[in-house]
Amino acid sequence: MIAALHAAGIGVIMDVVYNHMYGNDNVLNRAVPYY
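In our numbering, the protein residues as written are 371 to 405.
#1: Excluding the five sequence neighbours on either side, which residues of its own chain have a C-beta within less than 8 Å of the C-beta of Asp-382, listed in chain order?
#2: If you reduce the DSSP assignment to three classes, tell me which class Asn-396 lands in.
#3: In the DSSP assignment, the alpha helix (DSSP H) including Ile-372 goes from what residue to what residue?
#4: Smallest Cα separation from Val-387: which of Ile-380, Leu-398, Gly-379?
The structure is reproduced here in structure tokens:
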């Protein structure tokens, strides 16, 4: 979908709140501990 939008000349902004994830065993905490 993103590639199709870019091909049509439309930019995409993804706004995600990564630090609002529950638990210590998640992808973000493994990538950036104690973020």
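Quick reminder that beta carbons are idealized off the backbone N, C-alpha and C, glycines included.
Computed from a prediction, not measured in an experiment: that's the story for all the values here.
With the given structure in hand:
#1: In the sequence as displayed, the identity of residue 382 is Val instead of Asp. Hits under 8 Å: Ile-372, Leu-375, His-376.
#2: coil
#3: 372-377
#4: Leu-398
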